[in-house]
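Structure first, then comments.
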Amino acid sequence: MPRGSRDSAPYEEARDAALALGADGRRPHALRRAAARTAAVGLVLALLGGGAVASWRLLVEPDPVSTAVPAAGGPGCGPRGPAAALAGVAPAPPARVTVQVWNSTRSSGLAGRTAEELAARGFRLAGPAGDDTGRDDRPGTSAELRYGRGGRPAAAALLAQVPGAVPVLDRRARGVVHLVLHEGFDGLRSSADALGVARELAAHAAVPPTARAC
Numbered sequence: 004m005p006r007g008s009r010d011s012a013p014y015e016e017a018r019d020a021a022l023a024l025g026a027d028g029r030r031p032h033a034l035r036r037a038a039a040r041t042a043a044v045g046l047v048l049a050l051l052g053g054g055a056v057a058s059w060r061l062l063v064e065p066d067p068v069s070t071a072v073p074a075a076g077g078p079g080c081g082p083r084g085p086a087a088a089l090a091g092v093a094p095a096p097p098a099r100v101t102v103q104v105w106n107s108t109r110s111s112g113l114a115g116r117t118a119e120e121l122a123a124r125g126f127r128l129a130g131p132a133g134d135d136t137g138r139d140d141r142p143g144t145s146a147e148l149r150y151g152r153g154g155r156p157a158a159a160a161l162l163a164q165v166p167g168a169v170p171v172l173d174r175r176a177r178g179v180v181h182l183v184l185h186e187g188f189d190g191l192r193s194s195a196d197a198l199g200v201a202r203e204l205a206a207h208a209a210v211p212p213t214a215r216a217c
């Protein structure tokens, strides 16, 4: 081999080695593996984040509702009787509802137990439960929901929890809803049933008034 070729051989080998490496000193196949790992991690994080958002929306948003006229008396008609005062009102999320529970029955401690159940479901308590035991002035009803004009969504959220509750609009300025338990009160709905009723109320509220048949 000519001397010039021998002298240049180390430089050519170094050049070939440099070309075989990436900018950070790793070989191309190592770079490809690192890029693949990064892409895989990014995909997993994106899927997890999307799942969390989807789960949240599933709980707080009603299913898409058809604007077709519902059958009279069907689930699209909303609450009936005294509860119709809250027809067309979408329930507020429990975390945005402040409630104070009052007991007017002969069952001592009922308000406190009910308040604890509501707190466990995410509702906020305005203060200690009130106990006016034995002062029921509406024995034929389950409960009253006393609320002001700004508290309709909060009252609707509690209406989903208490079967047979009667909404009572008063002049209060605060957003606190008073839940007054009467002798007809037999406990809250199960969490699953309450969520189902809340979703029905939200679905009814999403239907334009002109598309309602009842």
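The opening residue of the sequence shown carries number 4 in this note's numbering; numbering runs sequentially from there.
All residues carry an ideal CB built from backbone N, CA and C; glycine is no exception.
Terminal residues of the beta strand (DSSP E) in which residue i lies
i	result
H181	V180 to L184
T101	T101 to N106
Residue(s) in a DSSP beta bridge with residue i
i	result
E147	V169 and V183
L128	V102
Limits of the unbroken alpha helix (DSSP H) element including residue i
i	result
V92	Element bounds for V92: n/a, residue is neither H nor E.
P156	R155 to L162
D196	S194 to A209
R116	L113 to A123
Per-residue DSSP class, three states only, for residue i
i	result
P67	Only weak support is given to the placement of P67: the predicted model assigns it a pLDDT of 42, under 50, and the value that follows is read from those uncertain coordinates. P67: coil per DSSP, three-state reduction.
G137	coil
R177	coil
R152	helix
P212	helix
Where residue i falls, given that 16 or more other Cβ within 10 Å makes a residue buried
i	result
A26	Model confidence at A26 stands at a pLDDT of 49, short of 50, so the residue's coordinates are unreliable; what they give is reported in the following sentence. Exposed, because fewer than 16 other Cβ atoms sit within 10 Å of the Cβ of A26.
G154	buried
E147	buried
P142	exposed
A118	buried
R149	buried
With a cut-off of 8 Å, do at least 3 Cβ pairs link the stretch 131-140 to the stretch 195-209?
Taking 8 Å as the limit for Cβ pairs, the verdict is that the stretch 195-209 does not touch the stretch 131-140.
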